[in-house]
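This report concerns only the one structure given below.
Number of protein chains: 2
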Amino acid sequence: MAINYPAGTHRAQEIQNTIRTGKTTKKALTFGKRGMGLEEEINLANDYYLANHLAVIHKKPTPITIVKVDYPARSAAKITEAYFKQASTTDYNGVYQGRYLDFDAKETKNKTSFPLKNFHEHQIVHLASILSQHGVGFVIIKFTSLDETYLYPAQYLIAQWQKLKGKQSISYHEIVRDSYVVPNSLNPSLDYLKAVDQYFEHLN
Amino acid sequence: MAINYPAGTHRAQEIQNTIRTGKTTKKALTFGKRGMGLEEEINLANDYYLANHLAVIHKKPTPITIVKVDYPARSAAKITEAYFKQASTTDYNGVYQGRYLDFDAKETKNKTSFPLKNFHEHQIVHLASILSQHGVGFVIIKFTSLDETYLYPAQYLIAQWQKLKGKQSISYHEIVRDSYVVPNSLNPSLDYLKAVDQYFEHLN
Numbered sequence: 023m024a025i026n027y028p029a030g031t032h033r034a035q036e037i038q039n040t041i042r043t044g045k046t047t048k049k050a051l052t053f054g055k056r057g058m059g060l061e062e063e064i065n066l067a068n069d070y071y072l073a074n075h076l077a078v079i080h081k082k083p084t085p086i087t088i089v090k091v092d093y094p095a096r097s098a099a100k101i102t103e104a105y106f107k108q109a110s111t112t113d114y115n116g117v118y119q120g121r122y123l124d125f126d127a128k129e130t131k132n133k134t135s136f137p138l139k140n141f142h143e144h145q146i147v148h149l150a151s152i153l154s155q156h157g158v159g160f161v162i163i164k165f166t167s168l169d170e171t172y173l174y175p176a177q178y179l180i181a182q183w184q185k186l187k188g189k190q191s192i193s194y195h196e197i198v199r200d201s202y203v204v205p206n207s208l209n210p211s212l213d214y215l216k217a218v219d220q221y222f223e224h225l226n
Numbered sequence: 023m024a025i026n027y028p029a030g031t032h033r034a035q036e037i038q039n040t041i042r043t044g045k046t047t048k049k050a051l052t053f054g055k056r057g058m059g060l061e062e063e064i065n066l067a068n069d070y071y072l073a074n075h076l077a078v079i080h081k082k083p084t085p086i087t088i089v090k091v092d093y094p095a096r097s098a099a100k101i102t103e104a105y106f107k108q109a110s111t112t113d114y115n116g117v118y119q120g121r122y123l124d125f126d127a128k129e130t131k132n133k134t135s136f137p138l139k140n141f142h143e144h145q146i147v148h149l150a151s152i153l154s155q156h157g158v159g160f161v162i163i164k165f166t167s168l169d170e171t172y173l174y175p176a177q178y179l180i181a182q183w184q185k186l187k188g189k190q191s192i193s194y195h196e197i198v199r200d201s202y203v204v205p206n207s208l209n210p211s212l213d214y215l216k217a218v219d220q221y222f223e224h225l226n
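So the protein sequences, as listed, match chains A and B. If you read the first sequence in our numbering, its first letter stands for residue 23, the second for the next number, and so on. If you read the second sequence in our numbering, its first letter stands for residue 23, the second for the next number, and so on.
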């Protein structure tokens with residue numbers, strides 16, 4: 023079964039993400055890793071992992087509430103009214119070496135802290151549920167101004183959320199202390215499974 | 023963290039599914055299990071499993087390609103042109119007792135066989151990838167005319183797909199032989215984790 027996924031899958035998703043998050047299209051026009059958003063980097067890493075049989079991790083489609091659909095004769099159904107819906111889970115999940123991974127990706131321009139307002143409470147609840155089922159939950163946090171990326175295990179995020187009641191920020195110092203570094207590399211540019219490996223070593 | 027998921031999440035998804043699959047709205051108007059589609063039954067089972075801390079399994083949102091979005095002043099962004107997109111994975115995944123589950127749900131009115139045209143090749147490829155990462159992949163197949171539901175492990179589906187080259191049908195006899203029965207129950211009406219348990223016993 024040497025069949026690859028259809029091309030362009032992630033491209034469409036990127037367009038959706040651009041629309042959804044209102045990220046600058048300027049970013050999309052620059053070349054190379056520096057110009058890429060964190061989500062794009064993770065999507066490319068996931069493509070790489072899938073093609074090289076290292077892991078099967080996908081970004082979930084953006085949840086939409088569909089209100090109106092037209093069915094033009096001889097044409098594909100056309101959605102003419104729909105709205106973006108708040109996700110009830112994290113954005114990414116999949117399987118790596120038999121283990122269930124579940125995570126979200128967040129970037130901040132801050133240099134000294136990470137604001138908790140980047141999360142919704144149901145995402146924290148979801149990650150807590152994942153941990154209770156012995157899944158591996160975490161957040162990939164990128165400090166864009168520092169060009170540093172961390173795998174921050176869900177149990178620390180949940181503890182900080184409870185302590186700070188979902189407000190304020192986690193200090194950069196605390197994140198670095200409790201995280202695993204995602205190393206810079208060439209292909210994929212964000213080889214986050216390296217940090218997952220480090221985390222697994224700690225878990226075992 | 024005794025916070026539950028917001029109500030109505032699955033309701034919206036059901037509406038989407040109805041739109042997408044063109045299933046009769048008549049079904050939605052009848053009451054009780056008999057009137058429910060397989061997807062609704064699985065969604066209700068997943069709600070039950072989540073609320074009772076048994077498993078965290080979600081249906082993925084329907085993938086959409088967004089073409090045009092309006093941003094009315096002081097209102098939510100409104101999608102005014104979008105199209106349904108073929109999914110590149112299965113519909114359901116999640117974690118149960120530390121194991122990664124990945125599956126699709128299919129129903130047929132046939133009594134003697136299950137047509138392979140119910141699957142797309144990329145779904146078969148996806149399930150093969152899941153197995154190679156030691157995930158648990160399967161299909162929940164419901165023979166609606168017989169009111170019988172089976173957990174059919176992915177390795178049998180993949181083997182049949184390769185043998186039959188994606189055409190023709192798998193006989194009812196073969197499915198029953200290689201499957202685990204999903205028992206009828208009251209709450210949830212489709213307690214498919216019971217069949218997963220049986221399958222795990224066989225795997226161990």
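Glycine included, each C-beta is placed from N, C-alpha and C at the ideal position. Fair warning: this is a prediction, and the values are worked out from it, not measured in the lab.
Close to Lys100/B, with beta-carbon spacing below 8 angstroms, are these residues of chain A in chain order: Glu103, Ala104 and Tyr105. Of all C-beta pairs linking the segment 182 to 197 of chain B to the segment 207 to 214 of chain B, fewer than three are shorter than 8 angstroms, placing the two stretches out of contact.
Annotation for His148/A: the continuous alpha helix (DSSP H) segment containing it runs Glu143 to Ser154.
Here the segment 66 to 75 of chain A does not lie against the segment 129 to 145 of chain A, with fewer than 3 beta-carbon pairs under 8 angstroms apart. For Thr111/B, the nearest beta carbon of chain A is closer than 8 angstroms to its own beta carbon. Counted as a single uninterrupted DSSP element, the beta strand (DSSP E) harbouring Ala104/B occupies residues Lys100 to Phe106. Within the same chain, and ignoring the five residues on either side of His144/B in sequence, the residues whose Cβ sits closer than 6 angstroms to its Cβ are Ser110. With contacts defined by Cβ atoms closer than 8 angstroms, Leu173/B and Ile162/B form a contacting pair. Under the three-state reduction of DSSP output, Ala127/A falls in the strand class. Between the alpha carbons of Arg121/B and His148/A lies a gap of roughly 17 angstroms. Of all residues in the segment 72 to 95 of chain A, only Leu72, His75, Ala77, Val78, His80, Lys82, Pro83, Thr84, Pro85, Ile86, Thr87, Ile88 and Val91 come within less than 7 angstroms of chain B when Cβ atoms are compared, listed by chain position. Counting C-beta pairs closer than 8 angstroms gives three or more between the segment 99 to 113 of chain B and the segment 95 to 104 of chain A, which meets the contact rule.
For a cut-off of 8 angstroms, the C-beta gap from Asp200/B to Val158/B is around 15 angstroms, too long to register as a contact. Beta-carbon to beta-carbon, Gln155/B and Val117/A are separated by about 4 angstroms, close enough to satisfy the 8 angstroms threshold. Proximity of Asn209/B to chain A, defined by a Cβ-Cβ separation below 8 angstroms, is not satisfied.
Taking 8 angstroms as the cut-off between beta carbons, the residues of the segment 164 to 191 of chain A near chain B are Ile180 and Gln184, in sequence order. Pro85/B has its alpha-carbon roughly 5 angstroms from the corresponding atom of Pro83/A. Comparing C-alpha distances from Gly59/B to each of Ala98/B, Phe165/B and Gln119/B shows the shortest one belongs to Phe165/B. Tyr202/A and Gln220/A have their alpha carbons spaced roughly 7 angstroms apart. For the set Ala150/A, Thr112/A, Glu63/A and His75/A, the Cα lying nearest the Cα of Asn140/A is the one of Thr112/A. Our two residues, Leu138/A and Ser151/A, have alpha carbons roughly 19 angstroms apart in a direct line. DSSP, read as helix, strand or coil, puts His75/B in coil. Listed along the chain, the chain A residues whose CB falls inside 8 angstroms of the CB of Val117/B are Tyr122, Asp124, Ile152, Gln155, His156 and Gly157. At least 8 angstroms separates the beta-carbon of Val198/A from that of Lys216/A. Within the model, the alpha-carbon separation for Thr134/A versus Ser167/A is close to 10 angstroms. Counting only runs of at least 4 residues, the segment 158 to 184 of chain A fully encloses no alpha helix (DSSP H) element at all. Residue burial annotation: Glu223/A is exposed, with fewer than 16 other C-beta atoms found within 10 angstroms of its C-beta. Annotation: the continuous beta strand (DSSP E) that includes Asp92/A extends over Ile86 to Asp92.
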